[in-house]
Amino acid sequence: MKEVTGIGSGRATTARRGALAIDGGKPVRTKPLDGPYPGALMMGREEERAAVEVIRSKSLFRYYGPGKPTRALAFEEAFASRIGTRFALGVNSGTSALRTALMAAGVGPGVDVLVPAFSYIATSHEVVACGGRPVFVEIDDSMLIDPSDIENRMTPAARVVTPVHLFGSPADMDRISAVARRLGLRVVEDCAQSCGATYRGQPVGGIGDAGIFSFQLNKLITAGEGGAVCTNDPELADRAVRHHDHGNYRMPGNIPNPFKGVQTFGENLRMTELTAAILRVQLGRLDDILGRLRYAKRSIVQQIEGLPGLRLASVPDPEGDASAAVMMFAPTADLAKRIVAAVQAEGVRVIQQYGGVPMYAAPQMAAAGYRMGQCPRTEDLAGRSIMIGLTTTWSDKDLADIGRAFRKVCGAFFPN
Ligand SMILES: Cc1ncc(COP(=O)(O)O)c(C=O)c1O
39 MKEVTGIGSG RATTARRGAL AIDGGKPVRT KPLDGPYPGA LMMGREEERA
89 AVEVIRSKSL FRYYGPGKPT RALAFEEAFA SRIGTRFALG VNSGTSALRT
139 ALMAAGVGPG VDVLVPAFSY IATSHEVVAC GGRPVFVEID DSMLIDPSDI
189 ENRMTPAARV VTPVHLFGSP ADMDRISAVA RRLGLRVVED CAQSCGATYR
239 GQPVGGIGDA GIFSFQLNKL ITAGEGGAVC TNDPELADRA VRHHDHGNYR
289 MPGNIPNPFK GVQTFGENLR MTELTAAILR VQLGRLDDIL GRLRYAKRSI
339 VQQIEGLPGL RLASVPDPEG DASAAVMMFA PTADLAKRIV AAVQAEGVRV
389 IQQYGGVPMY AAPQMAAAGY RMGQCPRTED LAGRSIMIGL TTTWSDKDLA
439 DIGRAFRKVC GAFFPN
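Numbering (the working numbering), first residue to last: 39 to 454.
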């Protein structure tokens, strides 16, 4: 594979037919593609009606009000049923869900949590927010936690491991569960980006001791913000309910517990009735959303598979992939940056997710004593990674344009 070094430099100024847009050529498309808002772009009358009903009821708080609030509980019951867990607790963000689940799983001062080195920063921050310490584990070429590195990173204080099912792609839960069992670790699945994904047929979020979800705007279903904690463990559910509501136990209905009132420390991380009402409608759209994302991913993968200079990330369970993104690698970090810039210039939004660096590269992590070099494979893969975030509204023409932009750029960078 030959690389042409002058291509894609962005330095040429005169327009040339067939040239890359970054070098002054005509872009593949000028009309922006819809952004990565899979659930939001599907919103319609039903969400509108659900929101208006809550406003008319004047009962926007889940536990009491002038009317009879029912939406948060109804969403929790429907969500638990979809994920296949005994309990689901609605909260106000994925970050709150992480904190609630980690707290409920016993994370606190003196406790280490094994986290993949590549994820959204909240996966680390919430360990710190609980008073614990994140310990970073390598990813493999799925861009997800490498099960074979978990034991290498084990510490005497480690009690929890948090696999993250990034981009809708389920992590290898058989191997993760096996090593966690052997090491005595609890498993908190971060499913913020993978609502509806399955691993060997089982929904993610119900495989470990707890699973957390985000309903922020970019997620598969959304109310702008929102989150959920799922579990089959009544004790963990009880602790989660208390933590998210100042230590109170006032879950109406689905978690049996004889105790009432403030008994432990806690916070206010509660879900509103408005959020829950919108999410209940969005949940009903989830299969349609998954179908559209999977169609988009299949189309793009077919078009770019085998292009010179690109290798697709592996997917541990392709059948369960919720397909929120297509993830791939360039041969070097420098080429990844140049390909991203060149494809963007063609009118197609691609990015290096999280800046193409591990979580510990963030300045606040360096200030906390974390150093580059601790997960060299993650640094290499993240640096070479390129991501297309998918959405539900792209037409076949849009998908063909994405393929054309990649073929054009790869053809120019790697002739033969
Ligand atoms: C992997 C992961 N974990 C946690 C979160 C936090 O979710 P939220 O933005 O709803 O707080 C996100 C959000 O992007 C995420 O991608």
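Virtual Cβ for every residue (Gly too), placed ideally from N, Cα, C.
Same chain only: Cβ atoms within 6 Å of residue i, ignoring 5 sequence neighbours per side
i: D187; result: V175 and E176
i: R67; result: G385 and D439
i: R224; result: A143, V198 and D247
i: A126; result: E114, F117, A118, A266 and C268
i: G358; result: P208, A235, T236 and Y237
i: S134; result: G265 and L307
i: P147; result: G169
i: A443; result: V66, V381, E384 and V386
i: A371; result: G421 and R422
i: K435; result: none
Check whether residue i and residue j have beta carbons under 8 Å apart
i: Q391; j: S423; result: yes
i: L307; j: T430; result: no
i: S180; j: P354; result: yes
i: E447; j: A380; result: Contrary to the premise, residue 447 reads as Val rather than Glu in this sequence. Yes, they are a contact pair.
i: G264; j: H282; result: no
i: A57; j: A383; result: no
i: A89; j: L312; result: yes
i: S232; j: A360; result: yes
i: P74; j: G394; result: no
i: D178; j: V202; result: no
i: T310; j: L98; result: yes
i: T123; j: G206; result: no
i: I389; j: Q320; result: no
i: V288; j: Y101; result: In the sequence on display, residue 288 carries Arg and not Val. It is a contact, given that the beta carbons lie within the stated cut-off.
i: Q341; j: G449; result: no
i: G347; j: F452; result: yes
i: A155; j: C413; result: yes
i: A110; j: G128; result: yes
i: G421; j: A374; result: yes
i: R387; j: L136; result: no
i: T200; j: V226; result: yes
Residues of its chain near residue i, where Cβ-Cβ distance is below 7 Å and the 5 sequence neighbours each way are ignored
i: R445; result: L345
i: K96; result: G103, P104 and G105
i: R220; result: none
i: R349; result: M366 and F367
i: L437; result: A334, S337 and I338
i: I159; result: M397 and A400
i: N256; result: P74 and Y75
i: R213; result: P185
i: P65; result: A59, A383, E384 and G385
i: D210; result: P185 and P354
Cβ-based neighbour list, residue i, same chain, cut-off 8 Å, excluding 5 preceding and 5 following
i: V173; result: D150, V151, L152, V153, R191, T193 and A196
i: I293; result: Residue confidence for I293 is low, a pLDDT of 49 falling below 50, so the modelled location carries little weight and cannot support an answer.
i: E91; result: A315
i: V378; result: V388, I389, Q390 and I424
i: K508; result: Limits of the chain in this structure are 39 at one end and 454 at the other, which puts residue 508 out of reach.
Neighbour flag for residue i against chain B, beta carbons, 8 Å
i: G148; result: This model lacks chain B altogether, as it is built from one protein chain only.
beta-carbon residue i near ligand 2 non-hydrogen atom, thresh 7 Å
i: G427; result: Judged by which ligands are present, ligand 2 is missing from the structure shown, whose ligands are ligand 1.
Segment contact flag, the segment 354 to 371 with the segment 400 to 411, C-beta cutoff 8 Å, min 3 pairs:
No, they do not touch.
What runs of the beta strand (DSSP E), each 3 residues or longer, lie entirely inside the segment 261 to 294?
265 to 269
If contact is defined by three or more beta carbon pairs under 8 Å, each pair taking one atom from either stretch, is the segment 108 to 120 in contact with the segment 153 to 172?
no
Should the segment 130 to 140 be regarded as contacting the segment 240 to 256, the criterion being three or more beta carbon pairs within less than 8 Å?
yes
For the segment 62 to 131, which segments carrying the alpha helix (DSSP H) assignment without a break, of at least 4 residues, lie completely within its bounds, in sequence order?
83 to 95 and 109 to 121
Would you call the segment 79 to 93 and the segment 314 to 325 touching, i.e. three or more CB-CB distances under 8 Å?
A contact is defined here as three or more CB-CB pairs under 8 Å, and the segment 79 to 93 meets this definition with respect to the segment 314 to 325.
Identify every run of the beta strand (DSSP E) within the segment 423 to 447, keeping only runs that are complete inside it and at least 3 residues long; order them along the chain.
DSSP runs (the beta strand (DSSP E)) wholly in the segment 423 to 447: 423 to 427.
List in chain order: all unbroken alpha helix (DSSP H) runs of 4+ residues lying wholly within the segment 392 to 420.
Secondary structure within the segment 392 to 420: the alpha helix (DSSP H) runs of 4 or more consecutive residues, fully enclosed, are 401 to 405 (chain order).
Ranges of the beta strand (DSSP E) found wholly within the segment 161 to 189, counting only runs of at least 3:
171 to 175
Report the residue ranges of all beta strand (DSSP E) runs contained in full by the segment 220 to 254; include only those spanning at least 3 residues, in chain order.
224 to 228 and 248 to 252
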